[in-house]
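Trainee: Sharing a structure, written as C-alpha cells. Questions coming.
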Amino acid sequence: MLFLESTGVELFLVLGLLLACLVALYLYAVYSGLSHRIAVGTKEPDVFGEKGLVVAYKTGKGPFKECGSLFSEAYSLLPTNNTIGLYYDDPESVPSNETRYAVGSILSQSRDGGIKNDELQTMIRNGYKIAHFPKPTYAVMTTFPFRTTLSIYLAVYRVYPLLKKYITSKGLCAYPAIEIYSDEIKFVMPLSRQDEFFVPEFSEEELSIATSEVSSFADSSAQYQRDADTNNDTKESEFRKPKAPNPITSETFEKIKEKIIEDTINSPSVNITSDSFAQTLDNAKTIEDCLSFTKNTDSLS
1 MLFLESTGVE LFLVLGLLLA CLVALYLYAV YSGLSHRIAV GTKEPDVFGE KGLVVAYKTG
61 KGPFKECGSL FSEAYSLLPT NNTIGLYYDD PESVPSNETR YAVGSILSQS RDGGIKNDEL
121 QTMIRNGYKI AHFPKPTYAV MTTFPFRTTL SIYLAVYRVY PLLKKYITSK GLCAYPAIEI
181 YSDEIKFVMP LSRQDEFFVP EFSEEELSIA TSEVSSFADS SAQYQRDADT NNDTKESEFR
241 KPKAPNPITS ETFEKIKEKI IEDTINSPSV NITSDSFAQT LDNAKTIEDC LSFTKNTDSL
301 S
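Right, here's the structure in full:
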C-alpha cells in the first residue's frame, strides 16, 4: 500500500512538472510573438531615413534558412547596429539552392554622412561590400516583436503568408522582401525603385519577384517615383548604382534614320538617290539594321 501511494505521488509530481514545462513553453512562445496581432499595410517607410540606407553586406545563394550565419557574423562585428536581410526570390517558385539573398549591417540612414569610419573599415576588412539603398515612396510593411530567437521563426512563419495575401488581393507588385532587425523586426517590400535594391552581384541576373504576385498594371506609386526621378537631378556617389538607359522611342528612331539618310546621300563616295535609300531603310527595325544597310550602299541603285 505504501509503495502504491509513493508511486502515485511520483506520478503526480511528474505530471505536474510536465504541465509546468508546457505552460512555460507556451508563455515563452507568447512572449516571443505567438499571439502578436499582425497588421499589414501600405505606407511610407520611415525606417530608411530621408536619403535611404548605407549597408555593409555579403551575399549568398541557397536556402534562406542558411543565411543565419551571416546575420550572426554581422551582429558579432557591429553589435550596436541594426542588421538587414534582402531576399530576391520566391522560395515557392525558385529551387531552394538558387534563391538569392544579401545580409549585413546598416552603417547609416543617410548617403551623405553619419558613417563611422571605424565601422566602415571593420566591415571592409572582413570582406563586406558597401551599397546604398534608396527610400521608396511607398512599401508594403508590417512589424513583429523581436524578443527572443524564437521570434525570428515565428515571424517568418506568420508574416510572409499575410504579406503575400495582401499583395495578391491588392494587385500590387512589391519586391524584394526586406527584413530590418532592431528592437522589432520590420518587414518592408518596396512598391517603387525595386531595381535599386539589387546588389551588383545579382543586378544582372534574371529577376524573380520575392513573395509577390505581379499585377497586369504598374503600381501608381512606382510611376510617381519614376517621374520624380526624371524631373529632379540627384547627386551621384560611390554608393549609387547606375540606372539603365531609357529605351529609344519610335520618334527618336525616325529622326536617327533621317540623319543616316542625309549623311549617306551627302557622301561623295555614294551614288544613290535619297528616295531609293529611304525606301531601303523602311525595312530597318533597329539602328543596327540602318548601319548594316548603309555599309551595303555600293550595291544599291
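So for the sequence shown, UniProt numbering puts the first residue at 1; every next one is plus one. Heads up, the beta-carbon is just placed ideally off N, CA and C, and yes, glycines get one too.
Can you check which of these residues, 17, 93 and 192, is closest to residue 173 by C-alpha distance?
Mentor: 192
Trainee: Taking just the CA atoms, how far does residue 195 sit from residue 149?
Mentor: 31 Å
Trainee: Do residue 61 and residue 127 have their beta-carbon atoms positioned less than 8 Å apart in this structure?
Mentor: no
Trainee: Give every residue of the same chain whose Cβ lies closer than 8 Å to the Cβ of residue 189, excluding the five residues on either side of it in the sequence, and list them in chain order.
Mentor: If we look at residue 189 and ignore the five residues flanking it on each side, its Cβ neighbours are 139, 140, 141, 163, 167, 174, 175, 176, 177, 178, 210, 211 and 212.
Trainee: Near residue 131, what residues of its chain come up, given a Cβ to Cβ distance below 7 Å and the 5 sequence neighbours on each side ignored?
Mentor: 55, 57, 199 and 239
Trainee: Ignore the nearest five residues each way along the sequence and tell me which others in residue 42's own chain have a CB closer than 6 Å to its CB.
Mentor: 138 and 140
Trainee: In three-state terms, what does DSSP make of residue 68?
Mentor: helix
Trainee: Tell me which residues share the same chain as residue 91 and place their Cβ nearer than 7 Å to its Cβ, disregarding the 5 neighbours each side in the sequence.
Mentor: 64 and 99
Trainee: Is the beta carbon of residue 27 closer than 8 Å to that of residue 106?
Mentor: Not a contact, by the Cβ cut-off of 8 Å.
Trainee: Leaving aside the five residues before and after residue 135 along the sequence, list all residues of the same chain whose C-beta is less than 6 Å from its C-beta, in chain order.
Mentor: 48 and 52
Trainee: Does any residue of chain D bring its CB to less than 8 Å from the CB of residue 57?
Mentor: No chain D appears in the structure shown, which is made up of a single protein chain.
Trainee: In this structure, how does DSSP classify residue 142 when only helix, strand and coil are distinguished?
Mentor: strand
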